[in-house]
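Novice: These protein sequences, in sequence, are chains A and B.
Residue numbering for the first sequence is 1026 to 1701, as defined by our numbering.
Residue numbering for the second sequence is 1026 to 1701, as defined by our numbering.
Backbone N, C-alpha and C define an ideal beta-carbon position, used for all residues, glycine too.
2 protein chains.
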Amino acid sequence: MSHSRTLRVDYEKTTRVLCVVGSELNVNLNRTAPLSSRFFSVKCTSSVQYRINPPPQETSHLSPIPLSDNSVLVISMKHASQYENDSKLSVQYYGEKKDVLGRAVLHLTAVEISLDVDADRDGIVEHNNPDKGSWKWGPDGHGAILLVNCDSERTYLKKPDHEQTSITRVSDLKDMSVMVLRTKGPAKLPEGYKLTMHISQGDAESVRVFRTRSPGVMNNSISYTLFNAFVRDFPLVLSSEVLSQEVPYLGGEAEMNFYVEGLRFPDRDFDGLISINLSLLEPIGEALPETPIFTDKVMLRVAPWIMTPNTLQPLEVFVCSTSDNYTFLNGMRNLVAKSGYKLNICHEYMNRGDRWMQDELEFGYIDSPHQRFPVVLDSPRDGKLQNFPYEELLGPNFGYVTRTAENEEVSSLDSFGNLEVSPPVTVNGKKYPLGRIIIGVAFPTATKGRNMTKVVQEFLFAQKVQEPVALFSDWLLVGHVDEFMTFVPASDRKGFRLLLASPDAGYKLFRGLQNDGHGQAKMFDGLKDEEQITVDEILNDEILQSHNNYVQSCIDWNRDVLKRELGLDDDDIIDMPILFKLVEEMGSESRAVAYYPDMVNMIVLGKNLGIPKPFGPKVNGRCALEAEMCSLLEGLGLRCTFIDDFASYHKLLGEVHCGSNVRRQPFDFKWWNLEM
Amino acid sequence: MSHSRTLRVDYEKTTRVLCVVGSELNVNLNRTAPLSSRFFSVKCTSSVQYRINPPPQETSHLSPIPLSDNSVLVISMKHASQYENDSKLSVQYYGEKKDVLGRAVLHLTAVEISLDVDADRDGIVEHNNPDKGSWKWGPDGHGAILLVNCDSERTYLKKPDHEQTSITRVSDLKDMSVMVLRTKGPAKLPEGYKLTMHISQGDAESVRVFRTRSPGVMNNSISYTLFNAFVRDFPLVLSSEVLSQEVPYLGGEAEMNFYVEGLRFPDRDFDGLISINLSLLEPIGEALPETPIFTDKVMLRVAPWIMTPNTLQPLEVFVCSTSDNYTFLNGMRNLVAKSGYKLNICHEYMNRGDRWMQDELEFGYIDSPHQRFPVVLDSPRDGKLQNFPYEELLGPNFGYVTRTAENEEVSSLDSFGNLEVSPPVTVNGKKYPLGRIIIGVAFPTATKGRNMTKVVQEFLFAQKVQEPVALFSDWLLVGHVDEFMTFVPASDRKGFRLLLASPDAGYKLFRGLQNDGHGQAKMFDGLKDEEQITVDEILNDEILQSHNNYVQSCIDWNRDVLKRELGLDDDDIIDMPILFKLVEEMGSESRAVAYYPDMVNMIVLGKNLGIPKPFGPKVNGRCALEAEMCSLLEGLGLRCTFIDDFASYHKLLGEVHCGSNVRRQPFDFKWWNLEM
């Protein structure tokens, strides 16, 4: 019994008291006993249980018990009362000679009160889970889950639902966690008693609570109430404006449904946990605050935003249509159709010429036992595509979240081509069943250089379930991790391979061509606006070689970090033959761009890969780079499709991956089952 | 070996490489091997160790090893080099017929680098503790400790040392954590290599690093360098302005001392942990960032601010002198002298008539293996005593911290009579060896009412080691927990008793007096400006009785919380006979004040208690309230001294405790040994 309450009892008076089933009342018997009392006895109706502390020495059943300085009578009741004051207890006090000195009488009313949530995470609000007041990670964990209500039920004049303080559509209730107040007792509470729900000031920034106006029904299923769409009226109970509010006591055996709405994601200053309390208040007197005599508490955790790696099943592919990307679009259309997924084209009125679909947004999702939906993270990049996530994606069961850089400079590293996620990995025994987020930054040692904004990094770290790994991407002109790495599914080993761009692998391939007599084969063959260059010329360019040695060392640095932080062996990594070149920016460091289409910047749709067509030197009519890619990847059961993105993407310093985005199936693994 | 680095090696070239002892270099042999290489062999000087992955099949010692796609040569060195490039390794490549195709040569220089802190918490900076990069609580824990440098070495124009960005006195070094950079190797690093120390942007808000300009000496003792006061020049290395800076490599076997200064206490947005990194940078080329090829990391935790309960040994007592408190001051002077402690009197020029020494400040301390000093927490109350903590207490080895309410109203609940701490307790098996902080607030269910400011509450919770308990104190007009509770030492049970004001105990005592024929004995006997009132009159006052029933219920509510949160039994609590009365404020709730001097508001100096003189009814010439207090407390070995605070404190709604403060001996228990 966790609830224990001290009760004052005056003799020669009848004290009326409300007792919550499951709690105890402690009466210090000596405190208000008649003077010179030496003994006492207790009588009660069968509905009342009591014991005496310290337990009295053996006495005959009926003889009075000696009263000591610290005699405490502990009273409890097992069942709710049907009527007010239907249970009684009396204490009789005796003097030295067992003469009766006085009698204290208690009239008791018992109620059952339980504030309930889905603490065992099965989608059903169980009754009075003993662990409901705390939160624990893992398959043997407990504690309810809450979603940030970041989708928009409205499609006209829409905004994320949590930005409005009322419920206008019943469908919105599905995005909230049901909380049930279960009560049992007489038709009404004794005069002046009331129930109050309350939250702390800190938690009120992150949560809002509504309730149903109509009485609940005796049914454990959430869905029952949800689909009874007659319920149109949901008063706001708790918010940052109202931290405490009375809630009705319905009488008899009753349930009242509450709906808990998350307002913000975990972040630097918010660990995601919130508590909601329900107290029974006792009236004291005019101009005196009512005393909470019983408090029940539930704890919920706001679901984190979760990213989806390339190894998860695609659902939809997004690309932009521009005035100049017909060839690319055609290639993508064919690939997506062949793969059997849905292609969404963002048209020019919306993209305003901004083709970098990967960079403006990242698809993720939020998940709970009762609801799950995709949530787009909108980048602070804010190019001409900036309205797309809000205008086109936000909607019913499609959430939206963004972070705005206040006093920080936004750089190219804030584009989400620089935000990826690994497949599930295990690192030195530590499991990451949802993978790890990967971002690109400057060297931690750099005294200058570009970085991902602090607001976005703090958001990503605070989600906790895909602990981020920071790579060095500032060596690239554009500065995105997707320019040198990607993950592809594989049926063996860890279920995937890490593909890394490798100038060394590129040079090895070109030297092989030269050695086999193809030194005069031409790079960029067939591209009419591009100057062609022979294998021999490439291999003779010592500056290009030294630039690529540098690039290889940058990628190797990242390779070492990835091996360590993702627990990878060399056999989990495949080097892709890709050359880079350095370009000097005005007054800045030299930075790298791909020398020919950067094949690692691919789109991964199940086993189908959409790879930038490299336009490499041809051997017997076949592009040697394409042939090498196929030979490296087809052994894993992957199918390579080369997409011509040369004019409309590669020349603008991006490729297939930069120009597309994929919404994927969420993980089967539930984030709350993580061992943290 | 946690550090593993991929190294590019070109054949037909000599590669010069710097290798850190304890790390590994991985050479992907196939990557840049001559075309059609099929075998390889490795030779090296005795200073170099290598192995091959995957391990080659058994071959004769001298015959070349087959080269596979993923052959990796793993190189390491056990000892620092004396000279640059004094170690060599070569790889020879062979064709199908074991014909030599090429040879890659490595010239190696080994250095030892270790950034060290006192990770085992013994006051000495040990060498390369394997756990130095993480932090763990408990007696088997690890991780270094950092103090907020919040004292002031200067006494003239003083301010907390962490508010200035330079070290002007050698004594200030004692307040910082020593960090040692230990290096061993050739006289200088190869051309272009350098060492850089760096911290993250987030950590830079909380920490500053200085170094000594003169080379260190080969000595493990912190004190050696500290007291060599010749060292006068300590350049700033890292701060919020400079996140990364080169540090000198001294050559040979060398140590350089760094001094780490904490800038802020743990708070809502700061968990107290910070990391400092030391990287070795490799030059790459002009206009290219240097690559960190090795990074060593240490982690430190900022020491929390710790309060001292009444059970700890007093060191100094503080009171105010005012124009009207001679009687009180005299009583205190006698008590403190008798107890053998130091009395500090804050004079009128400083207190400007504000006598509430308890309310303006709270004494605490910060502790680390290398340094410990008292720190005063200055309340946002800011009465006329407001300059006292800064002006009179802040000084060498006396720290100062405050919290300022920005957008919050400061109320009487922000006075530190409303901030106390329990002695060490164990609650359901969970140990609190530093006790638990106790604060007073409004009921969590209250829709109005006063509270302690959020900034102070967040500060207190963030210290973590004395997890706070919130009581209900808003029922009192002044609203401080010290008006109804205190702790006194006891040699039995849990080492202390909780004393609670109890109107029920008061009434019981008065009824006993009446019963024994002393109904006409007078309260306030001997006070010439006070209307006297008989025991009979008090007992006949039904309104007073009902007010006190309410007060008892408020205290009982707190009693239940204290029992639960401190793991107390009824036998750990003693009820003190104290009556209250309710006063109505304009347009507000009725709130309580003590009816006669509130004896629980006492000063505890070891076994000597300074108790407000109650001026109770006399029986046989002796005050019955004093007699009862003595009988309740002397059995515990405590000595009661009653101090007349009636006119100058009680009438102004405070008592002895409100008008005094005690700085106490810190705990023997070290906070980092807590199991969290």
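Note the first and the last residue of the continuous alpha helix (DSSP H) segment covering residue 1572 of chain B.
Specialist: 1567-1591
Novice: So, helix, strand or coil for residue 1275 of chain B, using DSSP?
Specialist: coil
Novice: Could you pull the DSSP bridge partners for residue 1141 of chain B from this structure?
Specialist: B:1205
Novice: If you draw a straight line from the alpha carbon of residue 1251 of chain B to that of residue 1199 of chain B, how long is it in whole angstroms?
Specialist: Reliability of the predicted coordinates at residue 1251 of chain B is poor, the pLDDT of 47 falling under 50, and no value is obtained from them.
Novice: Given that residue 1056 of chain A touches chain B, what residues does it touch there, using C-beta distances under 8 Å?
Specialist: 1527, 1529, 1530, 1533, 1600
Novice: Given that residue 1537 of chain B touches chain A, what residues does it touch there, using C-beta distances under 8 Å?
Specialist: Residues of chain A passing the Cβ test: 1060.
Novice: Considering only the beta carbon of each residue, do residue 1546 of chain A and residue 1639 of chain A sit closer than 8 Å?
Specialist: no
Novice: Which residues in the same chain have their Cβ closer than 7 Å to the Cβ of residue 1147 of chain B, if we skip the five residues on either side of it in sequence?
Specialist: Within the same chain, residue 1147 of chain B has close Cβ partners 1394.
Novice: Along chain A, which residues have their Cβ under 9 Å away from the Cβ of residue 1192 of chain B?
Specialist: Neighbours of residue 1192 of chain B on chain A: none; closest Cβ ~23 Å, over 9 Å.
Novice: Find the residues of chain B that neighbour residue 1095 of chain A, judging by a C-beta separation of less than 8 Å, and give them in chain order.
Specialist: 1595, 1596
Novice: Determine whether the Cβ of residue 1269 of chain B lies closer than 8 Å to any Cβ atom of chain A.
Specialist: yes
Novice: Going along chain A, which residues have a C-beta under 8 Å from residue 1294 of chain B?
Specialist: 1293, 1294
Novice: Taking residue 1191 of chain B as the reference, which of B:1511, B:1092, B:1635, B:1285 has the closest Cα?
Specialist: Ranking the options by Cα distance to residue 1191 of chain B, first place goes to B:1285.
Novice: Within 7 Å: the Cβ of residue 1054 of chain A and any heavy atom of the ligand ADP?
Specialist: The ligand ADP is absent from the structure shown, which contains no ligands of any kind.
Novice: Just list the residues that DSSP pairs residue 1234 of chain B with in beta bridges.
Specialist: According to DSSP, which records beta bridges pairwise, residue 1234 of chain B is partnered with B:1263, B:1285.
Novice: If residue 1099 of chain B sits next to residue 1075 of chain B, beta carbons under 8 Å apart, how far is it from one beta carbon to the other, in whole angstroms?
Specialist: 6 Å
Novice: How big is the Cα-Cα spacing for residue 1672 of chain B and residue 1636 of chain B?
Specialist: When rounded, the distance between both Cα atoms is 15 Å.
Novice: Going by beta-carbon coordinates alone, are residue 1331 of chain B and residue 1697 of chain B separated by less than 8 Å?
Specialist: no
Novice: Indicate whether at least one CB of chain B lies closer than 8 Å to the CB of residue 1309 of chain A.
Specialist: yes
Novice: Using the three-state DSSP reduction, which class does residue 1698 of chain B fall into: helix, strand or coil?
Specialist: Three-state result, residue 1698 of chain B: helix.
Novice: Do the segment 1168-1181 of chain B and the segment 1376-1396 of chain B meet, that is, are 3 or more Cβ pairs less than 8 Å apart?
Specialist: yes
Novice: State yes or no: is the beta carbon of residue 1216 of chain B nearer than 8 Å to at least one beta carbon in chain A?
Specialist: no
Novice: Using only the alpha-carbon positions, how far apart do residue 1543 of chain B and residue 1368 of chain B sit?
Specialist: 40 Å
Novice: Using a Cβ-Cβ cut-off of less than 8 Å, list which residues of the segment 1559-1582 of chain A approach chain B; keep chain order.
Specialist: 1571, 1574, 1575, 1577, 1578, 1579, 1581, 1582
Novice: Among B:1507, B:1609, B:1585, which one has its Cα closest to the Cα of residue 1622 of chain B?
Specialist: B:1507
Novice: Let's test the definition: count the other Cβ atoms within 10 Å of the Cβ of residue 1573 of chain A and tell me whether it reaches 16, buried, or not, exposed.
Specialist: buried
Novice: Specify whether the segment 1315-1334 of chain A and the segment 1146-1164 of chain A touch according to this definition: at least 3 beta carbon pairs, one from each stretch, less than 8 Å apart.
Specialist: yes
Novice: Beta-carbon separation of residue 1480 of chain B and residue 1428 of chain B under 8 Å?
Specialist: yes
Novice: Output, in sequence order along the chain, the residues in the segment 1475-1498 of chain A whose CB is closer than 7 Å to any CB in chain B.
Specialist: Residues of the segment 1475-1498 of chain A whose Cβ lies closer than 7 Å to any Cβ of chain B, in chain order: 1479.
Novice: Just verifying my parser: in three-state terms, what is the DSSP assignment at residue 1533 of chain A?
Specialist: helix
Novice: For residue 1302 of chain A, count neighbouring Cβ atoms within 10 angstroms of its own Cβ and tell me buried if that reaches 16, exposed if not.
Specialist: buried
Novice: At a Cβ threshold of 8 Å, is residue 1313 of chain A touching chain B?
Specialist: Yes, residue 1313 of chain A lies at the interface with chain B (some Cβ there is under 8 Å from its Cβ).
Novice: Can a CB atom of chain A be found closer than 8 Å to the CB of residue 1038 of chain B?
Specialist: no
Novice: Name the chain B residues whose beta carbon is nearer than 9 Å to that of residue 1671 of chain A?
Specialist: Here the premise fails: no neighbours, minimum Cβ distance about 28 Å.
Novice: Near residue 1529 of chain B, which residues of its chain fall below 6 Å by C-beta distance, leaving aside the five closest residues on each side in sequence?
Specialist: 1577
Novice: By how many angstroms is the C-alpha of residue 1603 of chain A removed from the C-alpha of residue 1215 of chain B?
Specialist: 31 Å
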